[in-house]
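Numbering (our numbering), first residue to last: 1 to 352.
Virtual Cβ for every residue (Gly too), placed ideally from N, Cα, C.
Please read the structure below before turning to the comments.
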């Protein structure tokens with residue numbers, strides 16, 4: 001909520017908070033108090049899933065740990081997202097996005113070869129932990145459907161980061177060698193990288209030998225096909241710098257739009273490197289309605305990025321705008337059977 005600037009105009013809240021909290025209700029409770037803990041239990045009694053990101057063991061101090069709640073609510077799915085998971089020598093440590101990117105190896109793979117290790121430009125460790133948490137919850141729901149038993153979904157941010165090392169992680173396991181930073185180049189495919197054009201930059205993705213042949217034949221470079229250093233992807237990977245040096249002046253001879261038109265006509269992967277202003281103005285992004293507008297509790301209309309999942313039978317419903325802190329406390333506690341006077345008394349005691 002306080003991750004500002006920037007503040008979403010008219011709301012007094014950070015753009016980050018507004019962007020990730022639609023379709024949620026906000027209730028404030030003092031879980032350090034016995035009455036607050038009792039209210040949490042009443043909420044849990046009518047819930048399928050609890051998601052928490054406290055430090056390991058912190059909620060147990062309030063009687064709200066997994067083992068405590070599982071005894072009382074055996075069907076509850078309890079998702080814990082922490083920096084390092086519930087076990088292991090680092091379990092008690094806090095976890096932060098940049099820290100996890102560093103420890104998980106991604107920064108060692110990101111950046112120019114002679115430059116500093118770089119973090120990714122968005123909080124990928126935070127985002128991926130949430131996505132894996134959602135996947136784990138769905139699996140736990142299916143298990144409960146079959147058995148009636150809930151379980152703890154233990155998500156460690158470092159675990160998720162190691163899991164999405166993907167081809168680079170497997171490259172290491174196959175060779176035992178640390179993979180170098182390659183800037184915008186692909187470790188396993190060449191050419192698959194950024195090239196300068198006469199007015200900007202383009203990503204060229206030549207994914208296989210057949211595509212490389214189309215590229216060479218289409219742009220008067222057929223002689224390269226008879227050079228053993230260019231003849232196969234394996235050869236091109238082994239001669240990465242030669243390929244880059246050979247193609248750099250070719251791509252620099254024409255503007256980005258020229259290359260996109262020509263390459264698309266040959267069914268060769270390519271694309272411009274868009275600034276955010278260009279992303280949100282892109283006709284494909286606009287056509288897919290990637291931005292939606294909602295009325296915030298403050299009365300301001302706010303733009304948020306749409307859910308990318310497109311369901312043919314049950315499309316996403318943007319029911320609730322991002323809430324203000326405690327906005328729905330009275331409503332939710334009222335559904336538990338508390339009267340207006342009950343909630344007022346709790347508020348007077350600082351419990352809500």
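_Bridge-paired residues (DSSP) for residue 14_ = 7
*Using DSSP with H/G/I as helix, E/B as strand and the rest coil, what is residue 128?*
helix
*What does residue 269 pair with, by DSSP beta-bridge criteria?*
205
*asked:* So, for residue 254: in the same chain, excluding its five sequence neighbours on each side, which residues have a beta-carbon less than 7 angstroms away from its beta-carbon?
replied: 197 and 198
*In chain order, what residues of the same chain have a beta carbon less than 6 angstroms from the beta carbon of residue 266, not counting five sequence neighbours either side?*
214 and 218
*asked:* Assuming contact is defined by CB atoms lying nearer than 8 angstroms, are residue 31 and residue 64 in contact in what I supplied?
replied: yes
*Measure the C-alpha to C-alpha separation of residue 227 and residue 243 and round it to an integer number of angstroms.*
11 angstroms
*Since residue 67 is in the alpha helix (DSSP H), which residue starts that stretch and which ends it?*
66-72
*DSSP state of residue 262 mapped onto helix, strand, coil*: helix
*Which runs of the alpha helix (DSSP H), 4 residues or longer, sit entirely within the region 127-173?*
157-163
_residue 158 to residue 130 span [Cα, whole Å]_ = 12 angstroms
_Within 8 angstroms, do at least three Cβ pairs link the region 71-91 to the region 44-58?_
yes
*Excluding five sequence neighbours on each side, which residues of the same chain lie with their C-beta closer than 7 angstroms to the C-beta of residue 307?*
316
_In chain order, what are the residue ranges of uninterrupted beta strand (DSSP E) at least 3 long that sit wholly in the region 170-247?_
192-196 and 201-205
*Going by alpha carbons, who is nearest to residue 10 out of 297, 281 and 347?*
297
*First and last residue of the uninterrupted alpha helix (DSSP H) at residue 82*: No alpha helix (DSSP H) contains residue 82, which is instead part of the beta strand (DSSP E) from 77-82.
*Are the beta-carbon atoms belonging to residue 250 and residue 161 less than 8 angstroms from one another?*
no
*By Cβ distance below 8 angstroms, which residues in the same chain neighbour residue 260 in space, the five residues on each side in sequence not counted?*
202, 270, 271 and 272
*asked:* Since residue 22 and residue 294 should fall inside the 8 angstroms C-beta cutoff, what is the C-beta to C-beta distance between them, to a whole number of angstroms?
replied: 6 angstroms
*Could one say the Cβ of residue 109 lies closer than 8 angstroms to chain C's Cβ atoms, at least one of them?*
No chain C is present in this structure, which holds just one protein chain.
*Is residue 48 helix, strand or coil by DSSP?*
coil
*Please list, in chain order, all residues of the same chain as residue 44 whose beta carbon is under 7 angstroms from its beta carbon, the five residues on each side excluded.*
50, 69, 73 and 76
_As assigned by DSSP and simplified to three states, the class of residue 292_ = strand
_In DSSP terms, what residue 301 is bridged to_ = 295
*Considering only C-alpha positions, which residue in the set 5, 26 and 12 is nearest to residue 327?*
26
*Per-residue burial, residue 232 [other beta carbons within 10 Å of its own, 16 or more giving buried]*: exposed
*asked:* Between the alpha carbons of residue 88 and residue 57, how many angstroms are there, rounded?
replied: 14 angstroms
*asked:* Here's the rule I'm using: 16 or more other beta-carbon atoms within 10 Å means buried, otherwise exposed. How should residue 125 be labelled?
replied: buried
_Comparing C-alpha positions only, which one of 344, 323, 145 and 195 sits nearest to residue 24?_
323
*For residue 320, does the three-state DSSP call read helix, strand or coil?*
coil
_Endpoints, alpha helix (DSSP H) assigned at residue 333_ = 329-335
*What distance in whole Å lies between the Cβ atoms of residue 155 and residue 80, which are believed to be in contact at a cut-off of 8 angstroms?*
7 angstroms
*asked:* Output needed for residue 248: all residues of its chain with C-beta closer than 8 angstroms, excluding positions within five of it in sequence on either side, in chain order.
replied: 195 and 196
_Own chain partners of residue 239 with C-beta closer than 7 angstroms, once the 5 adjacent residues on each side are dropped_ = 229
*Burial state of residue 432 (16 or more Cβ within 10 Å)*: Since the first and last residues shown for the chain are 1 and 352, residue 432 lies out of range.
*asked:* Tell me the DSSP secondary structure of residue 280 in three-state form.
replied: helix
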